[in-house]
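Scroll down for the structure; my scribbles are underneath it.
2 protein chains.
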Amino acid sequence: MENEQLSQSILITGGTGFAGRHLIQALLDQGFQQIHTTHFGQAPLPEVCKDTHVMIHNVNLTDPAAVAELVQKTQPAQIYHLASFAAVGKSFEQAEPLLQNNIMLQLHVLNAVQHHAPTARVLIIGSAEEYGRVPAGLDGRKIDESFPFNPVNPYAVTKVTQDLLAQAFYFSFDLQVLRVRPFNHIGEGQSPEFVIPAFASQVAAVEKGKQDVIKVGNLSSVRDFTDVKDMVQAYVTVMNKGKVGDVYNIGSGRGWKIGEVLDMLLAHSTQKIKVEVDQTRLRPSDVEYFVADATKVQALGWSAQIPLSETLERILNEWREKV
Amino acid sequence: MENEQLSQSILITGGTGFAGRHLIQALLDQGFQQIHTTHFGQAPLPEVCKDTHVMIHNVNLTDPAAVAELVQKTQPAQIYHLASFAAVGKSFEQAEPLLQNNIMLQLHVLNAVQHHAPTARVLIIGSAEEYGRVPAGLDGRKIDESFPFNPVNPYAVTKVTQDLLAQAFYFSFDLQVLRVRPFNHIGEGQSPEFVIPAFASQVAAVEKGKQDVIKVGNLSSVRDFTDVKDMVQAYVTVMNKGKVGDVYNIGSGRGWKIGEVLDMLLAHSTQKIKVEVDQTRLRPSDVEYFVADATKVQALGWSAQIPLSETLERILNEWREKV
Chain A
1 MENEQLSQSI LITGGTGFAG RHLIQALLDQ GFQQIHTTHF GQAPLPEVCK DTHVMIHNVN
61 LTDPAAVAEL VQKTQPAQIY HLASFAAVGK SFEQAEPLLQ NNIMLQLHVL NAVQHHAPTA
121 RVLIIGSAEE YGRVPAGLDG RKIDESFPFN PVNPYAVTKV TQDLLAQAFY FSFDLQVLRV
181 RPFNHIGEGQ SPEFVIPAFA SQVAAVEKGK QDVIKVGNLS SVRDFTDVKD MVQAYVTVMN
241 KGKVGDVYNI GSGRGWKIGE VLDMLLAHST QKIKVEVDQT RLRPSDVEYF VADATKVQAL
301 GWSAQIPLSE TLERILNEWR EKV
Chain B
324 MENEQLSQSI LITGGTGFAG RHLIQALLDQ GFQQIHTTHF GQAPLPEVCK DTHVMIHNVN
384 LTDPAAVAEL VQKTQPAQIY HLASFAAVGK SFEQAEPLLQ NNIMLQLHVL NAVQHHAPTA
444 RVLIIGSAEE YGRVPAGLDG RKIDESFPFN PVNPYAVTKV TQDLLAQAFY FSFDLQVLRV
504 RPFNHIGEGQ SPEFVIPAFA SQVAAVEKGK QDVIKVGNLS SVRDFTDVKD MVQAYVTVMN
564 KGKVGDVYNI GSGRGWKIGE VLDMLLAHST QKIKVEVDQT RLRPSDVEYF VADATKVQAL
624 GWSAQIPLSE TLERILNEWR EKV
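Residue numbers (this note's numbering), protein chains in the order written: chain A, 1 to 323; chain B, 324 to 646.
In structure tokens:
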């Protein structure tokens, strides 16, 4: 990176969340000196946010005036819009706040950029879940960016809405919008609502004698798991090298059965651990095969680097400390 | 229709709006005896709503409890969800209420159906604008249901969201959802925010000496115009004969340049009328070619019947009385 670039203002919404804290670390490692992030609510700040190059803004992103003021004040050259409500498992019960928050946040950010930082590059975080149920004719194929949207839950619908709303602002006002659709990503700091930390936290609990068996849902689904550290590098790559207006799937391009991942995780434990299928963990309309065709983002020079087994061990160690 | 069917409860949201009043008329003409419609606000009721078979419910559809109560009380066998905020021309300025209203209304209706009328057939009204900017490779082709979503304004984004949210409820809970994506439809009762009534109202005003010239926007765009009376027949056809979970484009399948339609309208006037292009009427990211491939809905037995010239004359006569 050029020195000039490193002193530019970078704004991250939701930088204190799961992917956000890893993104901040990655940007600090690259030498960025002016990283602004929003933080709202009572959750403690992650360690990385205590760096002197990280500025914390207590902003409620559901308030359009507050978002406008933030963008005006920080004058970012780049905005990573990560803030999002991600309760996939309770997506139908929580449909109203999900739709409300994710869509309105996206609108407020786009409006603020249009009026206060119209030349900023803005990275919009969609989701592989936008593709949802793969049509019969495409079944078992790796998913490229031209696959149709068939989201199966309200969370995934909000991601399509964010994606297309951002594109509409690009079409109409030439905003410097870039979009990504990340496939599953895992690492430290992820909520145990998601499948891998749900497994890891239970393995750690069994190791400490706090529970007898680990309970799991659907083990046959195939997913494309990327280390969150690799994922945020992809965000930085698309932000800096992507084509404005375009969209990029992000994933390793390799599929793993959830059951295989569980076995790999269990292999990191010295104990013999019993597994029990819990019907209540089976979500309605779960998608069976979900692997990225990552050709487009790979053409920008990014690819997943960290072996899955290494990521799983880190996650298990995190939960051994927490449980 | 069977007698049994004709006595079933039908619920229309937004039945007092533009398409709604024509739909009510069509259902009354077919002999339906129990038509419930919502009405909110101070606008006078259309004439057709004074029929004894039409029940008016003063319900604010943004209130989820009120929507639930309405569905529980009316126990509809069929629901036509027409209520929608449709300010296309001011879509960016009004993005927040557009997103808010159209998406939340859709969620409330789906939730109410799931909990209080899970076997009801529900028709969701999307829009051809969901397709938006046609990708280069498909340019100039008639638009079928597999075209990608590239909406160019927030209104069109809300229609994608409604469409996909309804589909997610179908995927997850087997709700009897049917979806349509209507292309431009015109007729009496349409707001002069839309292009044809905007033309017709001005022609009428010139005829009465109230203005000198008529002001127009983009005349080169090609659109597929369907008479609203034909359009609502398509809704009834899809509701009764469509495949649950499926989606149908609705349009005549014939393209007209806006300029041709204007000429046809001017031909219904005995006066020589001057036309002036007004830059402020050109909307950002207007879509050039927009014609339905109506094969799928035609296979259900529907096709557009009313000649465009006849529709235009009716609209002009409406405005001659109003202006």
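For glycine and all other residues, C-beta sits at the position ideal for the given N, C-alpha and C.
- C-alpha of Ala-77(A) to C-alpha of His-36(A): approximately 11 Å in a straight line.
- For the set Val-134(A), Asn-150(A), Ile-143(A), Phe-169(A), the Cα lying nearest the Cα of Pro-474(B) is the one of Phe-169(A).
- With the rule of 3 Cβ pairs closer than 8 Å, the region 156-165 of chain A does not count as touching the region 184-194 of chain A.
- Here Asp-227(A) carries a strand assignment [DSSP, helix/strand/coil].
- For a cut-off of 8 Å, the C-beta gap from Val-232(A) to Leu-175(A) is around 22 Å, too long to register as a contact.
- Under the rule that a run must span 3 or more residues, no beta strand (DSSP E) segment is found entirely inside the region 283-311 of chain A.
- Excluding its 5 nearest sequence neighbours in each direction, Ser-332(B) has C-beta neighbours in its own chain below 7 Å: Gln-357, His-359, Thr-397, Gln-398, Pro-399, Ala-400, listed in chain order.
- Between the region 46-62 of chain A and the region 11-19 of chain A there are three or more inter-stretch CB-CB distances shorter than 8 Å, so the stretches are counted as touching.
- In terms of Cα proximity to His-81(A), the closest of Lys-142(A), Asp-29(A), Val-180(A), Thr-295(A) is Val-180(A).
- Less than 8 Å divides the Cβ of Asp-139(A) from the Cβ of Tyr-289(A).
- Ile-426(B) reaches chain A at Leu-99, Ile-103, Thr-161, counting residues in chain order whose Cβ is nearer than 8 Å.
- When Ala-615(B), Pro-505(B), Leu-488(B), Gln-348(B) are compared, the shortest CA-CA separation from Gly-578(B) is found for Ala-615(B).
- The C-beta distance from Leu-110(A) to Ala-83(A) rounds to 13 Å, too long to fall under 8 Å, and the pair is not in contact.
- Between Glu-96(A) and chain B, the shortest Cβ-Cβ separation is below 8 Å.
- Taking Val-160(A) as the centre and dropping the five residues before and after it, the same chain places the C-beta of Gly-126, Glu-130, Phe-149, Pro-151 closer than 8 Å to its C-beta, in chain order.
- Nearest C-alpha to Leu-393(B) among His-362(B), Ala-418(B), Glu-419(B): His-362(B).
- If you look at Ile-466(B), you'll find it isn't in any beta strand (DSSP E); DSSP assigns it neither H nor E.
- Contact with chain B is absent for Phe-85(A), since none of that chain's Cβ atoms lies less than 8 Å from the residue's Cβ.
- Distance between Ile-629(B) and Leu-11(A), taken at the CA atoms: about 55 Å.
- Taking 9 Å as the upper bound on Cβ-Cβ separation, chain A lies near residues Gln-490, Ala-491, Phe-492, Phe-494, Ser-495, Phe-496 of the region 489-522 of chain B.
- Contact annotation, Ile-509(B) with Val-551(B): C-beta distance approximately 6 Å; criterion of less than 8 Å satisfied.
- The beta carbon of His-108(A) sits closer than 7 Å to those of Leu-61, Pro-64, Val-67, all from its chain and outside the five residues before and after it, given in chain order.
- In its chain, beyond the 5 residues on either side, Ala-200, Ser-201, Ala-204 have a beta carbon closer than 6 Å to the beta carbon of Trp-319(A).
- The beta carbons of Phe-494(B) and Arg-133(A) sit closer together than 8 Å.
- The beta carbon of Glu-188(A) lies closer than 7 Å to those of Arg-314, Ile-315, Glu-318 in the same chain, with the five residues before and after it left out.
- Interface residue (Cβ-Cβ distance to chain B less than 8 Å): Pro-307(A) is not classified as such.
- The beta-carbon of Leu-138(A) is placed no less than 8 Å from the nearest beta-carbon of chain B.
- According to DSSP, residue pairing for Tyr-571(B) in a beta bridge involves Val-503(B).
- Taking C-beta atoms under 8 Å as the contact rule, Asn-572(B) and Ala-622(B) fail to qualify, at a distance of about 12 Å.
- Taking a C-beta distance under 8 Å as the contact criterion, Ser-309(A) and Met-264(A) qualify as a contact pair.
- If you check each beta-carbon in the region 569-588 of chain B against every beta-carbon of chain A, none falls closer than 9 Å.
- Taking 8 Å as the CB threshold, Leu-164(A) lines the interface with chain B.
- Under the DSSP assignment, Glu-69(A) falls in the alpha helix (DSSP H) whose first and last residues are 64-74.
- The C-beta of Leu-329(B) comes no closer than 8 Å to any C-beta of chain A.
- Bounds of any alpha helix (DSSP H) do not take in Lys-50(A), whose DSSP letter is neither H nor E.
- The Cβ of Arg-133(A) sits closer than 8 Å to at least one Cβ of chain B.
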